[in-house]
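One point on numbering: in this note's numbering, the residue at position 4 of the sequence shown is 16, and numbering is uninterrupted.
Note that beta-carbon positions come from the ideal geometry of N, C-alpha and C, so glycine has one too.
Quick notes on the structure that follows.
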Amino acid sequence: MIRIEIPGFGNLELQHLVCDYNGTLALDGQLQPGIAEQLSRLASQLAIHVITADTFGQARAELAGLPVSLHITPLENQAQTKLEFVQKLGAAVTAAIGNGRNDCRMLDAAALGIALIQREGGAATTVAAADVVCSSIHDAIALLHNPKRLIATLRS
Ligand SMILES: [Mg+2]
């Protein structure tokens, strides 16, 4: 659990983190350098879920041994599938990170939605639906480790 009180935004009591894979944790199917360590550290506070259509077929191998649960979904209706996944966990206790257009609805629903614009780019609708926009997954995860950064960005 991560508790963060943000004046004007609300009190976050996060239990879950839902991450997109490609364009978010990975580039061209491969986990980005340093992410394994960051996820391992965060797993002591949040249950981490990776939800992806696994376009490159590498997610299972790349995430093997890490304390995350992997959910590979059909290509159709990705946006709705991701939204329903967050709702099932409890949107009020979930943070979500993603970059693609099909991440828009889960970022909007989650108590904290973080959009990424990395090398794959970020869908404009998803950036608009997010609470925070970061330029790297490392920065996004670091926000959860350093609540004062989040408070500075989101407070009224
Ligand atoms: Mg993506």
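For this session: Consider the C-beta atom of leucine 85 and the heavy atoms of ligand 1; say whether any pair is separated by less than 7 Å.
Result: Along the sequence shown, one-based indexing puts residue 85 at 73. For the sequence presented, residue 85 should be read as threonine rather than leucine. For ligand 1, not one heavy atom lies less than 7 Å from the Cβ of threonine 85.
Exercise. For the segment 56-70 against the segment 16-35, are there 3 or more C-beta pairs whose distance is under 8 Å?
Worked result: yes
For this session: Excluding the 5 residues preceding and the 5 following leucine 54 in the sequence, name in chain order all residues of the same chain whose CB lies nearer than 8 Å to its CB.
Result: Counting from 1 along the sequence shown, the entry for residue 54 is found at position 42. Result list for leucine 54: Leu29, Ile60, Ile153, Leu156 and His157, in chain order.
Exercise. Any heavy atom of ligand 3 closer than 7 Å to the CB of threonine 93?
Worked result: The model depicted lacks ligand 3 and carries ligand 1 instead.
Exercise. DSSP state of isoleucine 129, grouped into three classes?
Worked result: Residue mapping note: residue 129 aligns to position 117 of the sequence shown, counting from 1. Isoleucine 129 falls in the coil class under three-state DSSP.
For this session: Label alanine 127 either buried or exposed according to how many other C-beta atoms from any shown protein chain fall within 10 Å of its C-beta, with 16 as the threshold for buried.
Result: Start at 1 with the first residue of the sequence shown, and residue 127 comes out as number 115. Alanine 127 is buried by the Cβ-count criterion.
Exercise. With 16 as the cutoff for other CB atoms within 10 Å, does arginine 72 come out buried or exposed?
Worked result: As a first step, residue 72 is located in the sequence shown; it is residue number 60 there, counting from the start. Flag for arginine 72 reads exposed.
Exercise. Between glycine 46 and leucine 37, what straight-line distance do the alpha-carbon atoms span, to the nearest angstrom?
Worked result: In the sequence shown, counting from the first residue as 1, residue 46 sits at position 34. In the sequence shown, counting from the first residue as 1, residue 37 sits at position 25. Going by the C-alpha atoms only, they are around 10 Å apart.
Exercise. Is the number of C-beta pairs between the segment 105-112 and the segment 73-85 that are closer than 8 Å three or more?
Worked result: no
Problem set entry | Burial state of arginine 131 (16 or more Cβ within 10 Å) | In the sequence shown, residue 131 corresponds to position 119, counting from 1. Arginine 131 is exposed by the Cβ-count criterion.
Exercise. At which residue ranges does the segment 84-143 contain complete alpha helix (DSSP H) runs of 4 or more residues, listed in the order of the chain?
Worked result: 90-101, 116-121 and 136-141
Exercise. With isoleucine 149 and glutamine 44 assumed to form a contact (beta carbons below 8 Å), what rounded beta-carbon distance in angstroms separates them?
Worked result: Numbered from 1 along the sequence shown, position 137 holds the residue referred to as residue 149. Numbered from 1 along the sequence shown, position 32 holds the residue referred to as residue 44. With 8 Å as the limit, isoleucine 149 and glutamine 44 qualify as a contact, their Cβ atoms being about 6 Å apart.
Problem set entry | Among Ala91, Ser147 and Gly35, the one whose alpha carbon lies nearest that of threonine 67 | Residue mapping note: residue 67 aligns to position 55 of the sequence shown, counting from 1. When only C-alpha atoms are compared, the closest one is Gly35.
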